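S.K.: Here you go, one structure.
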Amino acid sequence: MPPRTRLGPALRRSFDRSVHVAARALYSLVPGAAPARHGVELLRDIPYRDTGKRAHLLDIYRPAQTEGGVAPRPVVLYVHGGAFSMLSKDTHRVMALEFARRGYVVFNINYRLGPKHRYPAPLEDAAAALLYAAEHAREHGGDPGRIVLAGESAGANLVTALAYIATHPRPEPFARALFERNVRIRAVLPIYGLLDLHHIERFVEHPRLSKFVKMELRTAHTSYLGPEVAAAARQAELASPLRLLMDPPSEGSRPLPPFFAAVGTADPLLDDSRRLKAALEKRGILCELAVYPGEIHGFNAMVWRPAAKAKWKAVFDFLSRHLID
């Protein structure tokens, strides 16, 4: 049994609140973080599920002047990371703004978090948000025929699973609804994703990972699957989308869209991105993998650094090739 040393729920909630306070302060103090500065309109706290819960709100970032003959713009559904247990759309404004200031309509979502809300709740919410984005894209100048799924870390897991259930028939009601809707996903961007929740021992027994990193990875696993990770992972197939992609396409499935993955060599999740590329290429699906020497988990949020700039340029170069009709 892996060690259970971790931040307690109360301490993690306190840390999460501190991160949100810091994010609000940073976004208010840095002029470049203001959407209007980039010609972007921000519509905040729009419910995508009628529950009255903050977990079911999203923000829409859209280029200003979307009316008056402007062609519909590609749409991004952005799913934040945070070990399935913390952070939100509000901490990840920088990601949404990077897309919006380049002409994308962005739906930046909240979703239910663990450990209170375990699998499949986060994925159910992400699927509902995707259906909402597809239905409402045109109202905001977006093209529902050109949808991009993007997320990092835990969010990368969710967007990879979304791509799978959108193209493969599944018995889960939320997955079946998404498959039947046949949403036009044109690209998937899983950035330094935790894509396989089987065998947590690969992290906790790794000799070169710090105790803190091991603790955070255990938190991600248990927040999504509960304390008995191994048993839960065997039942929760969609929690490990990489393993599903390693199998041949199921009967009745549709082709997956192209993928772009990015990760640093100092990230403990590097192997998941490499395995993703191998699995998709075995299926005949394009997966571009950008690996950045020496970069850590979360590097692309530091948009002023050379590696992050290179990563974002690679993302938009990739999208420019795959969103053309």
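For the sequence shown, our numbering begins at -8 and goes up steadily by one. For each residue, glycine too, the CB sits at the ideal point set by N, CA and C. Treat the numbers as computed from the prediction; the structure is a model and nothing was measured.
#1: Check whether the Cβ atoms of Val179 and Pro135 lie closer than 8 Å to each other.
#2: Measure the alpha-carbon distance for Leu216 versus Cys278 and round it to whole angstroms.
#3: Which two residues bound the contiguous alpha helix (DSSP H) that contains Asn148?
#4: Closest to Thr213 by C-alpha separation, out of His190, Leu200, Arg234, His197, would be which residue?
#5: In chain order, what residues of the same chain have a beta carbon less than 7 Å from the beta carbon of Leu200, not counting five sequence neighbours either side?
#6: If I measure Cβ to Cβ from Arg(-5) and keep anything under 6 Å in the same chain, skipping five residues before and after, which residues do I get?
#7: Three-state secondary structure (DSSP) at Asn291?
#8: For Thr279, which of helix, strand or coil comes out of DSSP?
#9: Mapping DSSP to helix, strand and coil, what is Asp36?
#10: For Val96, which option in Gln56, Lys268, Arg109 has the closest C-alpha, if you only look at C-alpha atoms?
#11: Runs of 3 residues minimum, wholly inside the region 46 to 129: which ones carry the beta strand (DSSP E) assignment?
#12: Looking only at C-alpha atoms, which of Arg312, Arg175, Tyr155, Arg209 sits nearest to Pro239?
#13: Which residues in the same chain as Val10 place their Cβ atom closer than 8 Å to its Cβ, once the five residues preceding and following it in sequence are excluded?
#14: Flag this pair as yes or no: are the beta carbons of Ala221 and Ile182 separated by less than 8 Å?
#15: Using a 10 Å radius around the Cβ and a threshold of 16 neighbouring Cβ atoms, would you call Phe6 buried or exposed?
#16: Helix, strand or coil, according to DSSP, for Val174 in the structure here?
#17: For Leu122, which of His108, Arg92, Leu49 has the nearest alpha-carbon?
#18: Looking only at its own chain, which residues have a Cβ that is under 7 Å from the Cβ of Lys205, when we skip the five neighbours before and after it?
#19: Would you decide whether Gly43 is buried or exposed? Buried here means 16 or more other CB atoms lie within 10 Å of its CB.
#20: For the beta strand (DSSP E) that Ala252 lies in, which residues bound it at each end?
#21: Whose C-beta lies closer than 7 Å to the C-beta of Arg28 among residues of the same chain, with five residues either side of it excluded?
#22: Given a cut-off of 8 Å, decide if Leu310 and Leu267 are closer than it, judged by their beta-carbon atoms.
#23: Leu140 by DSSP, collapsed to three states: which one?
#24: Assign Pro26 to one of three DSSP states: helix, strand, or coil.
#25: Grouping DSSP H, G and I as helix and E and B as strand, with all else coil, what is Val21?
#26: Just to confirm the assignment, what range does the alpha helix (DSSP H) spanning Ser214 have?
#27: Please name the residue, chosen from Arg161, Leu88, Leu68, that lies closest to His127 on a Cα-to-Cα basis.
#28: Between Arg8 and Leu233, what straight-line distance do the alpha-carbon atoms span, to the nearest angstrom?
#29: Tell me the rounded alpha-carbon separation between Gly133 and Pro63.
#30: Quick check: the Cα distance between Ala270 and Pro38, rounded to an integer number of angstroms?
#31: Strictly by DSSP, which residues pair up with Val179?
#32: Quick one: residues in its chain with C-beta nearer than 8 Å to the C-beta of Pro106, no 5 flanking neighbours on either side, listed in chain order?
#33: Do Pro322 and Phe170 have their CB atoms nearer than 8 Å?
#34: Buried or exposed for Leu20, going by 16 or more other Cβ atoms inside 10 Å?
#35: Are the CB atoms of Glu143 and Gly255 nearer to each other than 8 Å?
M.R.: Let's see:
#1: no
#2: 28 Å
#3: 145 to 158
#4: His190
#5: Phe194, Pro259
#6: Here Arg(-5) scores only 40 on pLDDT, less than 50, and its place in the model is too uncertain to base an answer on.
#7: helix
#8: It should be noted that the sequence gives Glu, not Thr, for residue 279. Of the three classes helix, strand and coil, the one that applies to Glu279 here is strand, per DSSP.
#9: strand
#10: Gln56
#11: 48 to 54, 64 to 70, 96 to 100
#12: Tyr155
#13: Met77, Leu78, Thr82
#14: no
#15: exposed
#16: coil
#17: Leu49
#18: Phe194, Val195
#19: exposed
#20: 250 to 255
#21: Pro22
#22: no
#23: strand
#24: helix
#25: coil
#26: 202 to 216
#27: Leu68
#28: 32 Å
#29: 5 Å
#30: 36 Å
#31: Leu140, Phe250
#32: Pro0, Ser76, Thr213, Ser214, Gly217
#33: Within the shown structure, residues of the chain are numbered from -8 to 316, placing residue 322 beyond reach of any answer.
#34: exposed
#35: no
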